[in-house]
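Peer 1: The opening residue of the sequence shown carries number 36 in this note's numbering; numbering runs sequentially from there. Glycine included, C-beta positions come from ideal geometry on N, C-alpha and C. Source: prediction; values computed, not measured.
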Amino acid sequence: MIPKRQRPSSLLALVFLACLPMLAAGAERQPLDRVVAVVDEGVVLQSELQARIQQIRSRLSAQGTRLPPESVLRQRVLDQLILEEIQIQRARQMGIRIGDSELNSAMRNVARNNGFNSLNAFEQALSSEGLSFQQAREQIRREMLVSRVQQQRVGRRVRVTEREVDNFLSSAEARERSGIEHLLGHILIEVNNFNNDEAVQAARSKAESIQEQLEDGADFRELAVAESDGRNALEGGELGWRSGQELPSLVAGEIPRLDVGEPSPVLQSSSGFHVVTPLDRRGQDTNEVEQRRVSHILVNTQERSDAEAESLIREIESQLENGADFAALAKEYSDDPGTVSEGGELGWVGPGEMVPAFEDTMMETGVGETSNPFRSRFGWHILKVEDRRVAEQSDEIRRNEARQALQQRQYELELQNWLSQIREEAYVDVKTVVSGMEGTL
């Protein structure tokens with residue numbers, strides 16, 4: 036076992052962070068804030084804890100999900116903030132930053148995805164819910180930092196071989212693949228040590244009890260919030276929409292055969308015991324895919340710092356806004372050796388052929404439009420969508436989809452392992468817990 040870190044000797048970070056203004060949504064400014072947990076060189080403040088609790092209360096109430104007991108909610112939110120703070124510090128140590136321009140683009144995307152045509156309308160909606168625009172910006176900045184450090188630390192651990200792709204495509208799961216997507220719900224009862232028979236049996240019994248409650252009609256989201264040890268517990272256990280290929284391997288054989296709302300049997304993995312269910316379904320069986328003809332400009336971060344790469348991509352964006360030709364700029368600036376001579380042209384691109392950041396941006400960009408700058412694990416991009424079409428799936432597309440699905444599965448497993456590792460390595464001193472006791476975790 037990796038030993039936990041000792042308490043940091045420098046308190047400079049603690050003094051600085053304790054003086055930060057509260058981020059509490061709708062909370063009144065108070066003369067003094069309180070440290071509820073010391074996390075390596077940083078802290079979690081009482082105001083941050085209360086703000087996050089209020090945000091989660093509001094979201095769960097809007098979903099109609101009954102809240103767990105206050106003590107349970109506080110502990111789960113505190114655990115979430117501690118893990119988030121550890122990752123934020125890792126990001127800073129790696130020199131990862133989110134510039135204002137990138138953050139502004141992200142805010143515009145969030146506003147658009149929530150049905151707002153302008154940032155002003157989005158700001159007014161936030162204000163009506165007691166959250167300032169600046170508070171929302173800071174929260175999104177933190178989420179982006181966490182996502183970035185996860186991609187860099189976990190992404191490098193993911194390797195999918197051609198043999199694995201071949202095996203997947205020949206499996207029954209791949210043969211039964213369809214265009215149907217499942218909104219996946221997940222409850223995890225964690226087991227830290229499978230050599231401890233008593234702890235294993237207790238976890239198994241708890242998972243079986245949850246499964247029985249679900250079969251008797253209990254609300255899945257309420258049980259997830261109150262009982263799950265999964266990282267999405269406070270989102271009601273939702274893992275988002277997944278196609279058949281994107282389902283985690285543990286549940287890939289279970290989810291397609293379950294009715295919406297029907298819980299799976301208790302499933303065991305190296306993390307503990309799981310209960311899953313399709314919370315909803317959409318789509319239909321199809322052998323057709325939507326493709327887009329795309330060009331892009333890549334500024335990589337292999338030969339320059341992230342800040343230098345972002346500065347250059349912003350300069351390219353400015354030239355495009357002033358009427359410069361996309362292909363000409365790609366030939367001059369792009370670091371993609373496979374497309375630079377073609378003016379950045381990638382040809383027809385379908386699902387599963389690009390990394391998620393690229394595919395998501397491509398799908399959000401209209402025909403004839405140029406995207407805002409965005410970042411992937413390769414560096415900074417700007418893309419242009421030239422055209423779109425619906426085409427029959429080719430063998431190449433099927434292989435790309437299979438590869439991406441396998442990468443996603445590996446990523447999720449490696450992410451959980453990495454999160455457990457950094458939590459174990461971190462020095463965490465909880466000053467105020469639900470019971471009112473103090474101690475070092």
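Count the other CB atoms, across all protein chains shown, that sit within 10 Å of the CB of threonine 312; report buried if there are 16 or more and exposed otherwise.
Peer 2: Position 277 of the sequence shown, counting from 1, holds the residue named residue 312. Label assigned to threonine 312: buried.
Peer 1: If you measure between the beta carbons of leucine 418 and valine 334, is that distance less than 9 Å?
Peer 2: Position 383 of the sequence shown holds residue 418. Position 299 of the sequence shown holds residue 334. No. Outside cutoff.
Peer 1: Compare the Cα-Cα distances from alanine 141 to each of Val425, Arg410, Arg434 and report the closest residue.
Peer 2: Residue numbering aside, residue 141 sits at position 106 when the sequence shown is read from its first letter. Among Val425, Arg410, Arg434, the Cα nearest to that of alanine 141 belongs to Arg410.
Peer 1: Where DSSP assigns a beta bridge to valine 79, which residues make up the other side?
Peer 2: To locate residue 79, count along the sequence shown from 1; it is residue 44. DSSP lists Ala72 as partners of valine 79.
Peer 1: Which residue or residues does DSSP assign as beta-bridge partners of tryptophan 383?
Peer 2: On the sequence shown, position 348 is the one that residue 383 refers to. Tryptophan 383 pairs with Arg328.
Peer 1: Suppose you measure from the CA of serine 284 to the CA of glycine 307; what does that come to, to the nearest Å?
Peer 2: In the sequence shown, the residue the question calls residue 284 occupies position 249. In the sequence shown, the residue the question calls residue 307 occupies position 272. When rounded, the distance between both Cα atoms is 15 Å.
Peer 1: According to DSSP, is glutamate 297 helix, strand or coil?
Peer 2: Translated into the one-based positions of the sequence shown, residue 297 becomes position 262. If DSSP states are grouped into helix, strand and coil, glutamate 297 belongs with coil.
Peer 1: Per DSSP, leucine 418 forms a beta bridge with which residues?
Peer 2: Working through the sequence shown from its first residue, we reach residue 418 at position 383. According to DSSP, which records beta bridges pairwise, leucine 418 is partnered with His331.
Peer 1: Indicate the three-state DSSP secondary structure (helix, strand or coil) for proline 408 in the structure shown.
Peer 2: For the purposes of this step, residue 408 is taken as residue 373 along the sequence shown, with counting starting at 1. Correct three-state label for proline 408: coil.
Peer 1: Under three-state DSSP, which class holds arginine 266?
Peer 2: Stepping through the sequence shown from its first residue, residue 266 is reached at position 231. In this structure, arginine 266 counts as coil in the three-state DSSP scheme.
Peer 1: What number of angstroms, rounded off, separates the C-alpha of valine 235 from the C-alpha of serine 206?
Peer 2: Indexing the sequence shown from 1 puts residue 235 at position 200. Indexing the sequence shown from 1 puts residue 206 at position 171. Going from the Cα of valine 235 to the Cα of serine 206 covers about 32 Å.
Peer 1: Grab the span of the beta strand (DSSP E) containing threonine 312 for me, first residue to last.
Peer 2: Along the sequence shown, one-based indexing puts residue 312 at 277. Unbroken beta strand (DSSP E) run through threonine 312: 307 to 317.
Peer 1: Report yes if the C-beta distance between arginine 183 and isoleucine 133 is below 9 Å; otherwise report no.
Peer 2: Position 148 of the sequence shown, counted from the first residue, corresponds to residue 183. Position 98 of the sequence shown, counted from the first residue, corresponds to residue 133. Yes, they are a contact pair.
Peer 1: If you check the beta carbons only, do arginine 327 and aspartate 422 fall under 9 Å apart?
Peer 2: The residue given as residue 327 occupies position 292 in the sequence shown. The residue given as residue 422 occupies position 387 in the sequence shown. Yes, Cβ-Cβ distance for arginine 327 and aspartate 422 is below 9 Å.
Peer 1: What residue range is occupied by the uninterrupted alpha helix (DSSP H) comprising glycine 190?
Peer 2: Here the question's residue 190 lines up with position 155 in the sequence shown. 168 to 190 is the extent of the alpha helix (DSSP H) around glycine 190.
Peer 1: So, are the CB atoms of glycine 275 and glycine 265 less than 9 Å apart?
Peer 2: Against the sequence shown, residue 275 aligns to sequence position 240. Against the sequence shown, residue 265 aligns to sequence position 230. No, Cβ-Cβ distance for glycine 275 and glycine 265 is not below 9 Å.
Peer 1: Quick one: give me the first and last residue of the beta strand (DSSP E) that glutamine 303 is part of.
Peer 2: Indexing the sequence shown from 1 puts residue 303 at position 268. That run of the beta strand (DSSP E) goes 302 to 304.
Peer 1: Look at alanine 86 and valine 78 and say whether their C-beta atoms are less than 9 Å apart.
Peer 2: As a first step, residue 86 must be located in the sequence shown, where it is residue number 51. As a first step, residue 78 must be located in the sequence shown, where it is residue number 43. Not in contact: alanine 86 and valine 78 (Cβ atoms no closer than 9 Å).
Peer 1: Using the three-state DSSP reduction, which class does isoleucine 224 fall into: helix, strand or coil?
Peer 2: Within the sequence shown, the letter at position 189 stands for residue 224. Looking at isoleucine 224 - three-state DSSP - the assignment turns out to be strand.
Peer 1: Should alanine 97 go down as buried or exposed, given a rule of 16 or more other Cβ atoms within 10 Å for buried?
Peer 2: The residue given as residue 97 occupies position 62 in the sequence shown. Classification of alanine 97: exposed, given that the 10 Å Cβ count is below 16.
Peer 1: Return yes when the C-beta of valine 465 is under 8 Å from any heavy atom of the ligand FMN, and no when it is not.
Peer 2: What this structure holds is no ligand at all, so the ligand FMN is not there to describe.
Peer 1: Just to check my reading of the structure: leucine 108 and leucine 102 have Cβ atoms closer than 8 Å, yes? What is that Cβ distance to the nearest angstrom?
Peer 2: Residue mapping note: residue 108 aligns to position 73 of the sequence shown, counting from 1. Residue mapping note: residue 102 aligns to position 67 of the sequence shown, counting from 1. Going by Cβ atoms, the distance from leucine 108 to leucine 102 rounds to 6 Å, so yes, they are a contact pair.
Peer 1: Per DSSP, which residues does glutamate 273 bridge with? Please list them.
Peer 2: Your numbering for residue 273 matches position 238 in the sequence shown. The partner list for glutamate 273 (beta bridge, DSSP) reads Gly220.
Peer 1: Which one of Val324, Leu364, Gly403, Glu377 has the shortest CA to CA distance from glycine 387?
Peer 2: Here residue 387 is taken as the residue at index 352 of the sequence shown, counted from 1. Per the Cα distances, Val324.
Peer 1: By alpha-carbon positions, which one of Asn267, Val465, Leu454, Lys466 ends up nearest to glutamine 122?
Peer 2: Walking along the sequence shown from the start, residue 122 turns up at place 87. With distances taken between Cα atoms, glutamine 122 lies closest to Leu454.
Peer 1: DSSP state of alanine 342, grouped into three classes?
Peer 2: As a working mapping, residue 342 is identified with position 307 in the sequence shown. Correct three-state label for alanine 342: helix.
Peer 1: Once DSSP output is grouped into helix, strand and coil, what is the label at arginine 111?
Peer 2: To locate residue 111, count along the sequence shown from 1; it is residue 76. DSSP places arginine 111 in helix when its eight states are reduced to three.
Peer 1: Under the DSSP definition of a beta bridge, which residues are partnered with valine 425?
Peer 2: Walking along the sequence shown from the start, residue 425 turns up at place 390. DSSP lists Glu325 as partners of valine 425.
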